[in-house]
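A.B. asks: For the sequence shown, the working numbering begins at 43 and goes up steadily by one.
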Amino acid sequence: MWQGWLGRSRRIEHEIGCIIEKREMSVRVQWDVDAVQKLLLSPHKLIGTEPWGSWIRDQGGLECIYARMRTLPLKDLHAQVLEVLLNQPGASVTLYQTQLGLERSAYHSRKKQLLLHLSQFLNTWESKTPTSRSEKPSLPIPMTSLIGRTNEVASVIRLLHEPSIRLLTLVGTGGVGKTRLALQVASELQHEFPDGVHFVALGGLFDATLFPSLLAQHFAIKEATTSIVEALKGYLRTKHLLIVLDNFEQLSDAALLLGEILDAAPALKFLVTSRRRLNLYGEQQYPVPMLPIPDAQIDLRPETLQAYDAIRLFCARAQAVDPHWRLDVANSAAVVAICTRLDGLPLALELAAARIALFPVETIRARLDARFELLTDGAINSPFRQRTLKALLDWSFELLNQQEQAVFMALGVFTNSGSVAAAEAVCATVIESGTSLPTILETLALNNLLMLEVRDDQLRFRMLETIATYAQEQIQNTHIYPELQNRHSRFYLDLAESIEPELTGTQQASWFNRLAMEYLNIRLALTWFIQDNQREAAERVCGALGRFWWVRGFLSEGRTLIKRVWQIPAEIAPHVAAKTLSSAGLLTYGQSNYAEAQLYYEECLRIRRNLGDIQGCSMMLNNLGIIAQMRCDYATARAYFEESLQIDRRSDNPKSIATVLSNLGNIAFEQGDAVNCLAYCEESLTIKRTLNDTWGTGNALINYATMLFYFVPETGSRIKALYDEGFEIMRQLQDAWGMARVFYHYGIMACAEGNSMPAYGYFKQSAELQLSLNDIRGLLNTLDGFWYLFLVLGRLDVAIRTQATVERFRAAYGIPNSPQLVVHHQAIFTQYLPEGLPEYPLSESEEWETLDLFADAVLAEAVRYVGA
Numbered sequence: 043m044w045q046g047w048l049g050r051s052r053r054i055e056h057e058i059g060c061i062i063e064k065r066e067m068s069v070r071v072q073w074d075v076d077a078v079q080k081l082l083l084s085p086h087k088l089i090g091t092e093p094w095g096s097w098i099r100d101q102g103g104l105e106c107i108y109a110r111m112r113t114l115p116l117k118d119l120h121a122q123v124l125e126v127l128l129n130q131p132g133a134s135v136t137l138y139q140t141q142l143g144l145e146r147s148a149y150h151s152r153k154k155q156l157l158l159h160l161s162q163f164l165n166t167w168e169s170k171t172p173t174s175r176s177e178k179p180s181l182p183i184p185m186t187s188l189i190g191r192t193n194e195v196a197s198v199i200r201l202l203h204e205p206s207i208r209l210l211t212l213v214g215t216g217g218v219g220k221t222r223l224a225l226q227v228a229s230e231l232q233h234e235f236p237d238g239v240h241f242v243a244l245g246g247l248f249d250a251t252l253f254p255s256l257l258a259q260h261f262a263i264k265e266a267t268t269s270i271v272e273a274l275k276g277y278l279r280t281k282h283l284l285i286v287l288d289n290f291e292q293l294s295d296a297a298l299l300l301g302e303i304l305d306a307a308p309a310l311k312f313l314v315t316s317r318r319r320l321n322l323y324g325e326q327q328y329p330v331p332m333l334p335i336p337d338a339q340i341d342l343r344p345e346t347l348q349a350y351d352a353i354r355l356f357c358a359r360a361q362a363v364d365p366h367w368r369l370d371v372a373n374s375a376a377v378v379a380i381c382t383r384l385d386g387l388p389l390a391l392e393l394a395a396a397r398i399a400l401f402p403v404e405t406i407r408a409r410l411d412a413r414f415e416l417l418t419d420g421a422i423n424s425p426f427r428q429r430t431l432k433a434l435l436d437w438s439f440e441l442l443n444q445q446e447q448a449v450f451m452a453l454g455v456f457t458n459s460g461s462v463a464a465a466e467a468v469c470a471t472v473i474e475s476g477t478s479l480p481t482i483l484e485t486l487a488l489n490n491l492l493m494l495e496v497r498d499d500q501l502r503f504r505m506l507e508t509i510a511t512y513a514q515e516q517i518q519n520t521h522i523y524p525e526l527q528n529r530h531s532r533f534y535l536d537l538a539e540s541i542e543p544e545l546t547g548t549q550q551a552s553w554f555n556r557l558a559m560e561y562l563n564i565r566l567a568l569t570w571f572i573q574d575n576q577r578e579a580a581e582r583v584c585g586a587l588g589r590f591w592w593v594r595g596f597l598s599e600g601r602t603l604i605k606r607v608w609q610i611p612a613e614i615a616p617h618v619a620a621k622t623l624s625s626a627g628l629l630t631y632g633q634s635n636y637a638e639a640q641l642y643y644e645e646c647l648r649i650r651r652n653l654g655d656i657q658g659c660s661m662m663l664n665n666l667g668i669i670a671q672m673r674c675d676y677a678t679a680r681a682y683f684e685e686s687l688q689i690d691r692r693s694d695n696p697k698s699i700a701t702v703l704s705n706l707g708n709i710a711f712e713q714g715d716a717v718n719c720l721a722y723c724e725e726s727l728t729i730k731r732t733l734n735d736t737w738g739t740g741n742a743l744i745n746y747a748t749m750l751f752y753f754v755p756e757t758g759s760r761i762k763a764l765y766d767e768g769f770e771i772m773r774q775l776q777d778a779w780g781m782a783r784v785f786y787h788y789g790i791m792a793c794a795e796g797n798s799m800p801a802y803g804y805f806k807q808s809a810e811l812q813l814s815l816n817d818i819r820g821l822l823n824t825l826d827g828f829w830y831l832f833l834v835l836g837r838l839d840v841a842i843r844t845q846a847t848v849e850r851f852r853a854a855y856g857i858p859n860s861p862q863l864v865v866h867h868q869a870i871f872t873q874y875l876p877e878g879l880p881e882y883p884l885s886e887s888e889e890w891e892t893l894d895l896f897a898d899a900v901l902a903e904a905v906r907y908v909g910a
């Protein structure tokens, strides 16, 4: 029955969309100021209420709605208010007005105007094809406008519209504008791909073996028991999207993976930028040309010259550094000579235009002529356009004073960006006493060698990939390079270790974002420690990153790097080894490999007992208890939890006490002990609230709501309020696991009330998140939810076959069902089948190669009956 649907996956997706749209077309959502305010500040109040919940889902989820709001043509003063509200939903009025620098009355006035504008937009908002909730809009906003390239943009779009072209490579020399062209094309196509357009920057990655992890991280894909490559192919298999891969030339060994993904995902397309072709079957190349330049006989009147894109780009960038500069009859010949000499290479034109702040255009022309005469004595076998760019970079470099040159080269040890604080630490040995690094960075920015930007109240620098590569080439052969590398790596080791404790603190969401911003440099530091055989330093990085790798879904990458570290022969401090083992256990547990995780946790416990690390022992005992619980060995789990709790009470560690109480509540739940279960969960929630532990409070809210649902179902309004509060916390933390759990429970509650349409929507969102995370246990539970939905819909045969197949997968993965949920299932069966099971072939469960294929089929089957 199920096998026939697999080949029609594209049609089924279209059918799902059409049926949902049909059902929702009859419900018109009228946005007033109050509803818009809830959408911005307390969306959980709308998600569970119709028609708002259906409308939000139809738009692709809150993240897609917010991303689209940011593109609306608002006045600057209204856009500023919108950005503050979206960045910190639910904060105090005092915080908002302080950040905006407004009096309270002025803030309220601007917010009211913003809400009125948004209500008008929303009431006339045509539904765009949404991206999946788990896929965030990911196109970076260019720093400058695109000048020219009209024909190129049209040509690339035309090629991507061709059904037979699924891998299109924009090929060209460095600085020709491949990235900017790709961004423009992606921006114009982002609403043509139902599952979105995604931009993945590869400039900071040089190890091809890490490419699958980077791609998986972009889509928040986590592994359980399958490899990262299989998880990628499984997730992308039914997606209709465009993926832009920028700067692929240094990852040529990873090209074959693109072919594997294209084979597995028939509706997916890649747009790649690279300095050379990928040499894959089916690849379509598009050589990116230089900008058009005037010929020798051109009329030098400015109005004539403005027809040439190279001239227009030079003039625009010149006016960016000197607003009073103008193209006129007196300087037009020199401008034409510069653009011609630079062959219309965009990056070279921008670098040359930056000199307008220092020299008249005639001087720039003369110095360029001298530079190219010198260049003819150099590497004559290199392509002319590469020599053109190198000439400009050499000239830009030589215009710097000695201090500026030293700093520019030192920045070559970073990926291509970093904080000014990191730059100060790395450049300390090359800066003379009394010299200000920020001043030097400003000079480099004025020379177009880097950009300065503020992110999360932190001043940072960023280089274009071509310039970063030039800086790396300049520094790599110097005697100071190893010392700069070591300073860079030590800085980021200290940073990772300083951030780690904050990941469980009261500001954990902002610290996770901070660590994510620094991650490429931290990973670069870890790679250098491995290459330099500095095992202890490498293990310290791994120990500090464990929780980050787990929460943000870098499970395979983390495990791979840890195993590379373990291959270095060296003695290390026991407390460092224990921390790495703890990270390895967490990542392995996250992939449902309970046996291996147990080995790591047991060895970590042994070391910490020897060290007398009481609190570390408590943590490992708790983790071993969770492993036993996952295997339904509740006696062993309880023993571990109780020993951990005794340690925590003696050492007065309330946060750990609350965690263990929650786990004891789970054991009591599985054993049907309602009194102790509710007491443990309520006490855990109280402690987490008192400690202001954000994630812990959200998790405790969801746990407590779940226990109340199964043991005290008559408290429905309280249960819903607890789930809503927990969901809002998880949404703010971007915790996909937490949100998926709440969607699942929303679906169960809707089924209990006989409301099939909302139940389908909640289960669908839960399943999509779990598929993206590769959360096997959670996905199996959600598929059990669909079994409940089929019973509500009266499709007993499908319900029974669904449950039989779920049980087959549980056995294959070694993930038994919760005993309490088995009891709940039996009660549901009795409700819908009071006379017992009909004669269906339960032993003949559907044969599916992978769990995600089975999940797709269940979703397709559900919408057939929900939409009937």
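Glycine residues also receive a C-beta, built at the ideal position from the N, C-alpha and C atoms.
Under 8 Å between the Cβ atoms of V496 and C469?
C.D. replies: Against a cut-off of 8 Å, the Cβ pair of C469 and V496 comes out as no contact.
A.B. asks: How many Å lie between A309 and W829 at the Cα?
C.D. replies: Roughly 29 Å separates the two Cα atoms.
A.B. asks: Taking the beta carbon of I183 as the centre, do at least 16 other beta carbons fall within 10 Å, making it buried, or is it exposed?
C.D. replies: By the neighbour-count rule (16 or more Cβ atoms within 10 Å), I183 is not buried but exposed.
A.B. asks: Give the range of the alpha helix (DSSP H) segment to which H867 is assigned.
C.D. replies: That run of the alpha helix (DSSP H) goes P861 to Y874.
A.B. asks: Which one or two residues does DSSP pair with Y149 in a beta bridge?
C.D. replies: Answer is none; Y149 lacks a bridge partner.
A.B. asks: Is it the case that the Cβ atoms of L157 and Q79 are separated by a distance below 8 Å?
C.D. replies: Going by C-beta atoms, L157 is nearer than 8 Å to Q79.
A.B. asks: Would you mind listing the alpha helix (DSSP H) stretches within the region 768-841 that are 4+ residues and don't spill past its ends, in chain order?
C.D. replies: Runs of the alpha helix (DSSP H) inside the region 768-841: 778-794, 798-815 and 818-834.
A.B. asks: With a cut-off of 8 Å, do at least 3 Cβ pairs link the region 509-518 to the region 536-548?
C.D. replies: Short answer: they don't touch.
A.B. asks: What's the C-alpha gap between L706 and A747?
C.D. replies: Computed Cα separation, rounded: 16 Å.
A.B. asks: Of the choices E725, R409, G654 and F596, whose alpha-carbon is the least far from that of E440?
C.D. replies: With distances taken between Cα atoms, E440 lies closest to R409.
A.B. asks: How long is the line joining the alpha carbons of I16 and A580, rounded to whole angstroms?
C.D. replies: Lying before the first or after the last residue shown, residue 16 is absent from the chain, which here runs from 43 to 910.
A.B. asks: Tell me whether D894 is buried or exposed, calling it buried when 16 or more other Cβ atoms sit within 10 Å of its Cβ.
C.D. replies: Buried.
A.B. asks: Which term fits Y874, buried or exposed, when burial requires 16 or more other beta carbons within 10 angstroms of its beta carbon?
C.D. replies: Exposed: under 16 other Cβ atoms inside 10 Å.
A.B. asks: Let me confirm a value: S255 is counted as buried when at least 16 other C-beta atoms fall within 10 Å, else exposed. Which label applies?
C.D. replies: Under this definition S255 is a buried residue.
A.B. asks: In whole angstroms, what is the alpha-carbon distance linking A904 and P858?
C.D. replies: Using only the alpha carbons, I get a separation of about 24 Å.
A.B. asks: What is the DSSP secondary structure of R692, reduced to helix, strand or coil?
C.D. replies: If DSSP states are grouped into helix, strand and coil, R692 belongs with the helices.
A.B. asks: DSSP on I189, reduced to helix/strand/coil?
C.D. replies: Residue state, collapsed to three classes: coil.
A.B. asks: Taking 8 Å as the limit between beta carbons, can you name the residues of its chain near T757, skipping five residues before and five after?
C.D. replies: So the list reads L750, once near-sequence residues are dropped.
A.B. asks: Would a C-beta distance cut-off of 8 Å place G190 and L83 closer than the cut-off?
C.D. replies: Going by C-beta atoms, G190 is not nearer than 8 Å to L83.
A.B. asks: On the criterion of 16 or more Cβ atoms from any shown chain inside 10 Å, does K432 qualify as buried, or is it exposed?
C.D. replies: Looking at its Cβ environment, which holds 16 or more other Cβ atoms inside 10 Å, K432 is buried.
A.B. asks: Does DSSP put I340 in a helix, a strand or coil?
C.D. replies: Coil at I340, not helix or strand.
A.B. asks: Taking the alpha carbon of E560 as the reference point, which residue from Q776, V583 and E578 has its own alpha carbon closest?
C.D. replies: Here the closest residue by C-alpha is V583.
A.B. asks: Per DSSP, what kind of secondary structure is Q326 in: helix, strand or coil?
C.D. replies: Strand, per DSSP.
A.B. asks: What does the alpha-carbon distance come out to for the pair S704 and A721?
C.D. replies: Their backbone Cα atoms lie some 10 Å apart in a straight line.
A.B. asks: What's the call for L603, buried or exposed, on a 16-neighbour Cβ count within 10 Å?
C.D. replies: The residue is buried, with at least 16 neighbouring Cβ atoms inside 10 Å.
A.B. asks: Can you give me the C-alpha to C-alpha distance between G796 and W890, rounded to a whole angstrom?
C.D. replies: About 30 Å.
A.B. asks: In the DSSP assignment, what residue or residues form a beta bridge with T211?
C.D. replies: DSSP lists V314 and Q327 as partners of T211.
A.B. asks: What are the uninterrupted segments assigned as alpha helix (DSSP H) that are 4 or more residues long and contained completely in the region 531-586, given in chain order?
C.D. replies: The qualifying runs are 550-573.
A.B. asks: Span of the beta strand (DSSP E) holding A243?
C.D. replies: Element bounds for A243: V239 to A243.
A.B. asks: Applying the 10 Å Cβ sphere with the 16-neighbour rule, what's the burial state of L901?
C.D. replies: Buried is the call here.
A.B. asks: Could you tell me the alpha carbon to alpha carbon distance between E638 and E645, rounded to whole angstroms?
C.D. replies: Distance between the alpha carbons of E638 and E645 is about 11 Å.
A.B. asks: Do V198 and Y108 have their C-beta atoms closer together than 8 Å?
C.D. replies: It is not a contact, given that the beta carbons lie outside the stated cut-off.
A.B. asks: Please name the residue or residues paired with I522 in a DSSP beta bridge.
C.D. replies: Bridge partners of I522: none, in fact.
A.B. asks: Do I517 and G454 come within 8 Å of each other at the CB atom, strictly closer than that value?
C.D. replies: Contact: yes.
A.B. asks: Compute the Euclidean distance between the alpha carbons of L566 and T892, then round it to the nearest angstrom.
C.D. replies: Going from the Cα of L566 to the Cα of T892 covers about 35 Å.
A.B. asks: Would you mind sorting V330 into buried or exposed? The rule is 16 or more other CB atoms within 10 Å of its CB.
C.D. replies: Its Cβ being crowded by 16 or more others within 10 Å, V330 is buried.
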